[in-house]
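Novice: First, the structure itself, so that you have it in front of you.
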Amino acid sequence: MTTTTVPAPPAAPPHTRAEDVAGLLVGTLLASFGLFLLHSATAVTGGAPGLGLLLSYALPVPLGVLLGLVNLPFLALAVWAKGWTFALRSAVAVLALSLLTPVHAAALGGVDVDPVYAVLFGNLAAGTGILVLFRHRASLGGFGVLALVLQERLGWRAGYVQMALDVAVVLASLALVPAPVVALSAAGAVVLNLVLAMNHRPGRYLGA
1 MTTTTVPAPP AAPPHTRAED VAGLLVGTLL ASFGLFLLHS ATAVTGGAPG
51 LGLLLSYALP VPLGVLLGLV NLPFLALAVW AKGWTFALRS AVAVLALSLL
101 TPVHAAALGG VDVDPVYAVL FGNLAAGTGI LVLFRHRASL GGFGVLALVL
151 QERLGWRAGY VQMALDVAVV LASLALVPAP VVALSAAGAV VLNLVLAMNH
201 RPGRYLGA
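Residue numbers (full-length UniProt numbering): 1 to 208.
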């Protein structure tokens, strides 16, 4: 009886430099638009972007500046944990996010957005933008890097660490944000993480 060997699928061609640049631009545009919508509803989300949003409600500092500042320690950690290529791409993405987030507010002006729409669609846009960045070997820094390091060094499950930090940010917002908006923000954070969980799985996307 003969056995048939199934040939391995061909390796996917890597992204070109132009594709990576376009991916970083599209990803940060989507993520920054999502954060603009969340900010318009005085809502938060998970991760370092959520922490930046929360701080913007307490401090007289522009949101774009805070988004860059809160990510600095996580980007330094990314150099150590993920290497210079990933860290530099992520630094470019964070800088672009900081610059683009105020652009939406200037372009659209003082729009009155329904909070439910703002939170749900804002998290969908932000999650899709983060997904695009992942596909081009970049991120928006944040808790994911810390969760990865704690998993590698202490054996803590990265998913649980990420979830605990996200919950901490949402709960901390109770000091500044009305309880109904906090509950809506929690639902939005779940939406964002579902976007990533359903679409970013090892082996599903073969491009480099």
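From the three backbone atoms N, C-alpha and C, an ideal C-beta is built for every residue, glycine too. Quantities reported herein were computed from a predicted structural model and do not represent experimental measurements.
Just to check my reading of the structure: L124 and V195 have Cβ atoms closer than 8 Å, yes? What is that Cβ distance to the nearest angstrom?
Specialist: Contact flag correct, Cβ pair sits at about 6 Å.
Novice: What is the residue span of the alpha helix (DSSP H) that G141 lies within?
Specialist: Taken as a continuous stretch (DSSP letters only), G141 belongs to no alpha helix (DSSP H), as it is neither H nor E.
Novice: Say whether the stretch 99–118 touches the stretch 159–175, bearing in mind that this needs 3 or more beta-carbon pairs closer than 8 Å, one atom from each stretch.
Specialist: Short answer: they don't touch.
Novice: Would you please state the rounded distance, in angstroms, between the beta carbons of G34 and G122? I believe it to be under 8 Å.
Specialist: Indeed, because the Cβ distance is near 4 Å, the residues count as touching under 8 Å.
Novice: To which residues of the same chain is S120 closer than 7 Å at the C-beta, ignoring the five residues directly before and after it?
Specialist: According to the sequence displayed, residue 120 carries Leu and not Ser. The answer, listed in chain order, is G188, V191.
Novice: Please list, in chain order, all residues of the same chain as Y57 whose beta carbon is under 6 Å from its beta carbon, the five residues on each side excluded.
Specialist: Only L176 meet the Cβ criterion.
Novice: Identify, in the order they occur along the chain, each residue of the same chain with its Cβ nearer than 6 Å to the Cβ of P102, setting aside the five sequence neighbours on each side.
Specialist: Closer than 6 Å at the Cβ level, and outside the excluded window around P102, lie G64.
Novice: Applying the 10 Å Cβ sphere with the 16-neighbour rule, what's the burial state of R137?
Specialist: Classification of R137: buried, given that the 10 Å Cβ count is 16 or more.
Novice: Measure how close the beta-carbons of V61 and L53 come, nearest whole angstrom, since I'm counting them as under 8 Å.
Specialist: With 8 Å as the limit, V61 and L53 do not qualify as a contact, their Cβ atoms being about 12 Å apart.
Novice: Quick check on DSSP: helix, strand or coil for A208?
Specialist: With a pLDDT of only 45 at A208, under the threshold of 50, the placement of this residue in the model should not be trusted, and no figure is reported.
Novice: Using the rule of at least 16 other Cβ atoms within 10 Å of the residue's Cβ for burial, across every protein chain shown, is G46 buried or exposed?
Specialist: When all chains shown are included, G46 counts as buried.
Novice: Can you tell me whether V94 is buried or exposed? The criterion is at least 16 other CB atoms within 10 Å of its CB, across all chains shown.
Specialist: Answer is buried; the Cβ neighbour count reaches 16.
Novice: Tell me which same chain residues have a C-beta within less than 7 Å of the C-beta of V182, skipping the five on either side of it?
Specialist: These residues qualify, in order along the chain: V170, S173, L174.
Novice: Please tell me whether A78 and F86 are closer than 8 Å, where the distance is taken between their beta carbons.
Specialist: Contact flag set, yes.
Novice: Cβ atoms of A197 and G129: under 8 Å apart, would you say?
Specialist: No, the pair does not count as a contact, with Cβ atoms beyond the cut-off.
Novice: Helix, strand or coil: which one does DSSP assign to D20?
Specialist: Three-state DSSP puts D20 in a helix.
Novice: Could you check if A91 is buried or exposed, using at least 16 other CB atoms within 10 Å of its CB as the buried criterion?
Specialist: Looking at its Cβ environment, which holds 16 or more other Cβ atoms inside 10 Å, A91 is buried.
Novice: According to DSSP, is P62 part of a helix, a strand, or is it coil?
Specialist: In the structure shown, P62 sits in coil (DSSP, three-state: anything other than H, G, I, E or B).
Novice: Can you say whether G109 is buried or exposed, counting buried as having 16 or more other CB atoms within 10 angstroms of its CB?
Specialist: By the neighbour-count rule (16 or more Cβ atoms within 10 Å), G109 is not buried but exposed.
Novice: Beta carbon of V132, beta carbon of G27: below 8 Å?
Specialist: Yes.
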